[in-house]
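Chains as they are written, first to last, in our numbering: chain V, 2 to 615; chain W, 19 to 466.
The beta-carbon is built from N, C-alpha and C at its ideal position, and this holds for glycine as well.
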Amino acid sequence: MGDWMTVTDPGLSSESKYISQYTSETKMSPSSLYSQQVLCSSIPLSKNVHSFFSAFCTEENIEQSISYLDQELTTFGFPSLYEESKGKETKRELNIVAVLNCMNELLVLQRKNLLAQENVETQNLKLGSDMDHLQNCYAKLKEQLETSRREMIGLQERDRQLQCKNRNLHQLLKNEKDEVQKLQNIIASRATQYNHDMKRKEREYNKLKERLHQLVMNKKDKKIAMEVLNYVGRADGKRGSWRTGKTEARNEDEMYKILLNDYEYRQKQILMENAELKKVLQQMKKEMISLLSPQKQKPRERADDSTGTVISDIEEDAGELSRESTWDLSCETVREQLTNSIRKQWRILKSHVEKLDNQVSKVHLEGFNDEDVISRQDHEQETEKLELEIQQCKEMIKTQQQLLQQQLATACDDDTTSLLRDCYLLEEKERLKEEWSLFKEQKKNFEKERRSFTEAAIRLGLERKAFEEERASWLKQQFLNMTTFDHQNSENVKLFSAFSGSSDRDNPTVHSRPRQKKPHGAPSGSPVCTSKLTKSLPASPSTSDFCQTRSCVSEYSSISVLNTTPEESKPNQVGRECTNQKWSMASRPDSQEGCCSGCSSTHADAHIEKDDLP
Amino acid sequence: MNFSEVFKLSSLLCKFSPDGKYLASCVQYRLVVRDASTLQICQLYTCLDQIQHIEWSADSLFILCALYKRGLVQVWSLEQPEWHCKIDEGSAGLVASCWSPDGRHILNTTEFHLRITVWSLCTKSVSYIKYPKACQQGITFTRDGRYLALAERRDCKDYVSILVCSDWQLLRHFDTDTQDLAGIEWAPNGCVLAAWDSCLEYKILLYALDGRLLSAFCAYERSLGIKSVAWSPSSQFLAVGSYDGKVRILNHVTWKMITEFGHPATINNPKIVVYKEAEKSPPLVLGRLAFPPPRAAAGPLSSMESEYAEACRRQSQPQDRHRGTGLQSRQLLPGDEECVPSAVWIWDIQKLRLLAVLEQLSAVRCFQWDPRQARLAICTGGSKVYLWSPAGCVSVQVPGEGGLQVLSVCWHLSGDSLAVLSKDRFCLCFLETEQGVGTAFGQAGDHT
Numbered sequence: 002m003g004d005w006m007t008v009t010d011p012g013l014s015s016e017s018k019y020i021s022q023y024t025s026e027t028k029m030s031p032s033s034l035y036s037q038q039v040l041c042s043s044i045p046l047s048k049n050v051h052s053f054f055s056a057f058c059t060e061e062n063i064e065q066s067i068s069y070l071d072q073e074l075t076t077f078g079f080p081s082l083y084e085e086s087k088g089k090e091t092k093r094e095l096n097i098v099a100v101l102n103c104m105n106e107l108l109v110l111q112r113k114n115l116l117a118q119e120n121v122e123t124q125n126l127k128l129g130s131d132m133d134h135l136q137n138c139y140a141k142l143k144e145q146l147e148t149s150r151r152e153m154i155g156l157q158e159r160d161r162q163l164q165c166k167n168r169n170l171h172q173l174l175k176n177e178k179d180e181v182q183k184l185q186n187i188i189a190s191r192a193t194q195y196n197h198d199m200k201r202k203e204r205e206y207n208k209l210k211e212r213l214h215q216l217v218m219n220k221k222d223k224k225i226a227m228e229v230l231n232y233v234g235r236a237d238g239k240r241g242s243w244r245t246g247k248t249e250a251r252n253e254d255e256m257y258k259i260l261l262n263d264y265e266y267r268q269k270q271i272l273m274e275n276a277e278l279k280k281v282l283q284q285m286k287k288e289m290i291s292l293l294s295p296q297k298q299k300p301r302e303r304a305d306d307s308t309g310t311v312i313s314d315i316e317e318d319a320g321e322l323s324r325e326s327t328w329d330l331s332c333e334t335v336r337e338q339l340t341n342s343i344r345k346q347w348r349i350l351k352s353h354v355e356k357l358d359n360q361v362s363k364v365h366l367e368g369f370n371d372e373d374v375i376s377r378q379d380h381e382q383e384t385e386k387l388e389l390e391i392q393q394c395k396e397m398i399k400t401q402q403q404l405l406q407q408q409l410a411t412a413c414d415d416d417t418t419s420l421l422r423d424c425y426l427l428e429e430k431e432r433l434k435e436e437w438s439l440f441k442e443q444k445k446n447f448e449k450e451r452r453s454f455t456e457a458a459i460r461l462g463l464e465r466k467a468f469e470e471e472r473a474s475w476l477k478q479q480f481l482n483m484t485t486f487d488h489q490n491s492e493n494v495k496l497f498s499a500f501s502g503s504s505d506r507d508n509p510t511v512h513s514r515p516r517q518k519k520p521h522g523a524p525s526g527s528p529v530c531t532s533k534l535t536k537s538l539p540a541s542p543s544t545s546d547f548c549q550t551r552s553c554v555s556e557y558s559s560i561s562v563l564n565t566t567p568e569e570s571k572p573n574q575v576g577r578e579c580t581n582q583k584w585s586m587a588s589r590p591d592s593q594e595g596c597c598s599g600c601s602s603t604h605a606d607a608h609i610e611k612d613d614l615p
Numbered sequence: 019m020n021f022s023e024v025f026k027l028s029s030l031l032c033k034f035s036p037d038g039k040y041l042a043s044c045v046q047y048r049l050v051v052r053d054a055s056t057l058q059i060c061q062l063y064t065c066l067d068q069i070q071h072i073e074w075s076a077d078s079l080f081i082l083c084a085l086y087k088r089g090l091v092q093v094w095s096l097e098q099p100e101w102h103c104k105i106d107e108g109s110a111g112l113v114a115s116c117w118s119p120d121g122r123h124i125l126n127t128t129e130f131h132l133r134i135t136v137w138s139l140c141t142k143s144v145s146y147i148k149y150p151k152a153c154q155q156g157i158t159f160t161r162d163g164r165y166l167a168l169a170e171r172r173d174c175k176d177y178v179s180i181l182v183c184s185d186w187q188l189l190r191h192f193d194t195d196t197q198d199l200a201g202i203e204w205a206p207n208g209c210v211l212a213a214w215d216s217c218l219e220y221k222i223l224l225y226a227l228d229g230r231l232l233s234a235f236c237a238y239e240r241s242l243g244i245k246s247v248a249w250s251p252s253s254q255f256l257a258v259g260s261y262d263g264k265v266r267i268l269n270h271v272t273w274k275m276i277t278e279f280g281h282p283a284t285i286n287n288p289k290i291v292v293y294k295e296a297e298k299s300p301p302l303v304l305g306r307l308a309f310p311p312p313r314a315a316a317g318p319l320s321s322m323e324s325e326y327a328e329a330c331r332r333q334s335q336p337q338d339r340h341r342g343t344g345l346q347s348r349q350l351l352p353g354d355e356e357c358v359p360s361a362v363w364i365w366d367i368q369k370l371r372l373l374a375v376l377e378q379l380s381a382v383r384c385f386q387w388d389p390r391q392a393r394l395a396i397c398t399g400g401s402k403v404y405l406w407s408p409a410g411c412v413s414v415q416v417p418g419e420g421g422l423q424v425l426s427v428c429w430h431l432s433g434d435s436l437a438v439l440s441k442d443r444f445c446l447c448f449l450e451t452e453q454g455v456g457t458a459f460g461q462a463g464d465h466t
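Set out below in structure tokens:
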């Protein structure tokens, strides 16, 4: 700016100040500067308008202003407004082109700047809104923070209260415990006191009793006495014995005897029970072995080691069984063996049963849905059938009833009628028999005819097939001939043409259709080949039939060849493609009729075949 | 079912002789002995005062009549009517008197349980046993009559003495680990003695004949304990009824609990038959009671529940009566629950489950098993006798002017007849064959 100020003319100080003001304004708001600059630059150039800004350029200071502008522009890097001076003496001319260029550039610049300004403004707006948003967020978060802080404080308060409560409760619990302890102590002390008192009382009571006893007994109470008329004998008739040491010993002996007897009795009972249980166990074991032995094979196939060993154990056990039965004593080892083996077998049985259960459940689950549907269908069908049957039966019953009623109605002279009926019946029978035999014969005839028909049909079908094969091969050959060797072709044609005289039958219709259908084929297609092919055909009929068919095939092949040759031989010499087309074209019209007929015939044949072959 | 004519009776003293031939009954101070089948009076004895207790000797030759008020025991012979014997306990007083199993000795307990005097009818000898304990069941003889077990109390400790009955010699004397021994009872085979503590503590101890402690059983602590104890006739099981309303069955091998029978307020198991006594609406029909099957419909069920509720209310009232768990039949164990005084519970020991519950209209006074078969006679203080058997339940109206308030029943040895006792009268009920039970009388109620 300073430079700029120095460059400016002193006369234009006021303007420069203006501009400086403007430029200083640029820093604040570039838009206003630009607009004013534009105004400044454009207005004085176009015309002298007496406006507030027109002071920049007047009639008088055009030169100065131009030079000023030139200076200004050059400082901004624009080309000079003046033309290149040729001489120093000559006054520099204003270059209008340069001015216009400058103006244009300035305008472009201004537009750019405007755009930039707009962008900046929008950005500013955006940023402002962002700012607002962020401020809002901030406020919200602040609020949240505040609320959470408050909550935290509340929770802390609650926690504190709860802790307080807890402490109080602990205290209470402690107090209660203490109380309980105290009470228990009291109870215990009371109990001891009670016991003590009781004992004391009892002792006193005993003392009193003792006293009483002495008093009562020592008084020599005359009253205490027994008056008996006469003493009776003992129940066992013996006399009472004196009390001696012997009797005591005897009593002891007797007591022990009784005890011993009791124990013996109990032991016997237990032994019996044990024996029975053992028997049951043995039986169980036997049954288990017999039950499990048929399944030996299966687990072995599975190659399961554990089961295998267990099974071998079973076999051992089975071997031991006979021996074990002799060991009836309750030896511990035997018992262990028995229980162990039974446990093992029981485990096997259990697993087996579980497996079976699983299988059954699976099968049940799987089979359930399918079977269910099917069974339902079956069921419906069955019910329908049964209903039909029932209806039929009902009808039958009805008719029977009717007949019976009729019979009853006409039963007045049953003898004669029955006789007559019998006669009629006999006659009818005979007639029926005759008819039956006739019918049978007819049936036989029909069957014969049918058989012959079917045979013919089969033959026809076979012939047709063979013929088609032949024709295909022939076509192939034809094609090959046409494509590769004209010489050979011609020779072949000649050869065929030589055959042409021998053909007496004529049915081109059958061959025309497939001829169009099979343009491609194997590259090697000689008559020898075709014969081979026919031979290799999968012939269903017997050998004789086969021979027949072969002969037929050979016939047909010759025929087909002959039929086509008269038409093709001539154009072949002209050109392959044309002839081909011609031939196809030529063959078509005459084939059309026959094709249809042939088609229908073949179809019919096929039908017959289908019907009869199975 | 036939009833004999009604005879007079006092203080429910009526007993069949052990051989089943005679029936002794008391009327004030007279003792009447009748033929058990014909009811003809065989003998008539006159005592000095009102008889308070009678007991047949084991050989059915003598009858003991105790006159506690006067401290006297009078013994009568059935064979020699002129024979008499009078024992006077004098100023010592008398509270209990019983025969020894041989039928030649009488054990008299003096007042305050100062001592037990053993009087012999064969010799002049008199034995004294000191320090008998005053408890519920302090004397018990073995079935074979060889031994006597006696609870004693010395120096604030419980002891049990085992004496040989033939010469009253002490065989064993041992202290029991009890606070306050309440009772002792021999197993029927005479080899195991069960001793239980007082109701303050649940404790039952089992001793062998030679005084060894076989086992002790305690179901729970710190609560009222055992109420009653009963052996099974085979000595295989010991039933212990306690104040928690349960009966526990111990086995004889390990002396551990086999099972526990409660007395549930509601019975849901359809296998259990509940017989409920109900008054039928037409009261003209004499004593006809219906026992509707409990599984019938909703109506009776609801009424039953109300009955149970009532029973539960009664539970809260203090019950002074004590009822034993009788275990007469091997398979069947009836427990009469104190909290449900009107119900009798019958369990099947073979299957270890509740079999039937009999619910009466009024509280059950007495029940007794038929000595021969699974048949239970029950009386409730009304004019009916109830008979239960696995086949069903029958109620029978006892004939008699003004109705006989049946307070007790007593089976004959053969199970053919039943003495039905009321306060001042008694009669004999002759049961016919089993088939006849239900149809013998018109009074016989329906049974299911």
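### Query
Since V:ILE1 is in the alpha helix (DSSP H), which residue starts that stretch and which ends it?
Shown here, chain V extends from 2 to 615; a query on residue 1 of chain V therefore has no answer.
### Query
Looking only at C-alpha atoms, which of W:SER250, W:GLY208 and W:PRO282 sits nearest to V:TYR257?
Proximity to V:TYR257 across W:SER250, W:GLY208 and W:PRO282 peaks at W:GLY208, based on C-alpha coordinates.
### Task
Classify V:MET285 as buried or exposed, calling it buried when 16 or more other Cβ atoms lie within 10 Å of its own Cβ.
By the neighbour-count definition (other C-beta atoms within 10 Å, threshold 16), V:MET285 is an exposed residue.
### Message
Can you tell me whether W:HIS102 is helix, strand or coil according to DSSP?
### Response
Strand.
### Message
Would W:ALA291 and W:ALA374 qualify as a contact pair, given that the criterion is a beta-carbon distance under 7 Å?
### Response
Just to set this straight, residue 291 of chain W is Val in the shown sequence, not Ala. Using a Cβ distance threshold of 7 Å, W:VAL291 and W:ALA374 count as a contacting pair.
### Message
If you measure between the beta carbons of W:ALA213 and W:LEU223, is that distance less than 7 Å?
### Response
With respect to the 7 Å criterion, W:ALA213 and W:LEU223 are classified as neighbours on the basis of their beta carbons.
### Task
For the beta strand (DSSP E) containing W:GLU203, list its first residue and its last residue.
Start and end: 199-204.
### Alpha-carbon to alpha-carbon, V:GLN194 and V:GLU255
Straight through space, the alpha carbons of V:GLN194 and V:GLU255 are spaced by roughly 46 Å.
### Task
Report yes or no: is there a C-beta of chain W within less than 7 Å of the C-beta of V:ALA226?
Judged by the 7 Å Cβ criterion, V:ALA226 is in contact with chain W.
### Query
Measuring CB to CB, does W:ASP198 end up less than 7 Å from W:SER216?
Between W:ASP198 and W:SER216, the C-beta gap is smaller than 7 Å, which places the two residues in contact.
### Query
Under a CB-based cut-off of 7 Å, is V:HIS214 close to chain W?
V:HIS214 belongs to the set of residues whose beta carbon lies under 7 Å from a beta carbon in chain W.
### Query
Does any residue of chain W bring its CB to less than 7 Å from the CB of V:LEU260?
At least one chain W Cβ lies under 7 Å of V:LEU260.
### Integer Cβ distance of W:SER435 from W:LEU422, believed to fall under 8 Å
For a cut-off of 8 Å, the C-beta gap from W:SER435 to W:LEU422 is around 16 Å, too long to register as a contact.
### Query
Using the C-alpha atoms, what's the distance from V:SER342 back to V:MET289?
When rounded, the separation of the alpha-carbon atoms in V:MET289 and V:SER342 is 10 Å.
#### Entry: W:GLN61: first and last residue of the uninterrupted alpha helix (DSSP H) it sits in
Run containing W:GLN61: none in the alpha helix (DSSP H); it sits in the beta strand (DSSP E), 59-64.
### Span separating the alpha-carbon of W:LEU62 from that of W:PHE444
Cα to Cα, W:LEU62 sits roughly 17 Å from W:PHE444.
### Message
Below 8 Å on the Cβ atoms is my contact criterion, and I expect W:TRP429 with W:ASP388 to pass it. Report the Cβ-Cβ distance as a whole number of Å.
### Response
The pair is a contact, with the Cβ atoms about 6 Å apart (cut-off 8 Å).
### Query
Using a Cβ-Cβ cut-off of 6 Å (strictly less than) and excluding sequence neighbours within five positions of W:SER28, which residues of its own chain qualify?
The answer, listed in chain order, is CYS44, VAL45 and GLN46.
### Message
I'd like to confirm the pairing. Which residues does DSSP put opposite W:ASN20 in its beta bridges?
### Response
Under the DSSP definition of a beta bridge, W:ASN20 partners with W:PHE448.
### Message
Using a 10 Å radius around the Cβ and a threshold of 16 neighbouring Cβ atoms, would you call V:GLN162 buried or exposed?
### Response
Flag for V:GLN162 reads exposed.
### Task
Could you tell me whether the stretch 33-44 of chain W touches the stretch 68-87 of chain W, where touching means 3 or more Cβ pairs closer than 8 Å?
Touching, yes.
### Task
Using alpha carbons as the reference points, say which of W:LYS221, W:CYS183, W:GLU278 and W:LEU372 lies closest to W:THR196.
W:LYS221 is the residue among W:LYS221, W:CYS183, W:GLU278 and W:LEU372 whose C-alpha sits nearest the C-alpha of W:THR196.
### Task
Could you work out which residues of chain V lie near W:SER252, taking near to mean beta carbons separated by less than 9 Å?
Ordered by position in chain V, no residue passes the 9 Å Cβ test against W:SER252, which lies about 11 Å from the chain.
### Query
Since V:LEU350 meets chain W, which of its residues come closer than 8 Å, beta carbon to beta carbon?
By Cβ distance, chain W contributes nothing, its closest Cβ being about 28 Å from V:LEU350, past 8 Å.
### Of the residues W:HIS270, W:TYR149 and W:ALA283, the one placed nearest W:LYS264, counting alpha carbons only
Taking W:LYS264 as reference, the option from W:HIS270, W:TYR149 and W:ALA283 with the minimal CA-CA separation is W:ALA283.
#### Entry: Closer than 7 Å at the beta carbon, the chain V residues around W:PHE130
Ordered by position in chain V, the residues that pass the 7 Å Cβ test against W:PHE130 are LYS210 and LEU213.
### Query
Which same chain residues, not among the five before or five after W:LEU370, have their C-beta less than 6 Å away from its C-beta?
Close CB contacts of W:LEU370 within its chain, under the 6 Å cut and outside five residues either way in sequence, are with THR277 (chain order).
#### Entry: Interface partners of V:THR248 on chain W, CB under 8 Å
Neighbours of V:THR248 on chain W, chain order: ASP185 and GLN187.
### Message
Quick check on the DSSP output: what are the complete beta strand (DSSP E) runs of length 3 or more inside the stretch 105-184 of chain W, in order along the chain?
### Response
If only uninterrupted beta strand (DSSP E) runs of at least 3 residues are considered, those enclosed by the stretch 105-184 of chain W are 114-117, 123-127, 133-138, 144-148, 157-159, 165-172 and 175-182.
### Task
With 7 Å as the threshold, decide whether the Cβ of V:ASP263 is near any Cβ in chain W.
Taking Cβ atoms only, chain W reaches closer than 7 Å to V:ASP263, which makes this a yes.
#### Entry: Among W:ASP442, W:HIS191, W:THR128 and W:GLY108, nearest to W:CYS116 - alpha-carbon criterion
Answer by Cα proximity: W:THR128.
### Task
Rank W:GLU97, W:TRP137 and W:PRO99 by C-alpha distance to the C-alpha of W:LEU90 and give the top, closest one.
Here the closest residue by C-alpha is W:TRP137.
### Query
How would you write the range of the alpha helix (DSSP H) that V:THR75 sits in, first residue to last?
V:THR75: member of the alpha helix (DSSP H) spanning 63-76, first to last residue.
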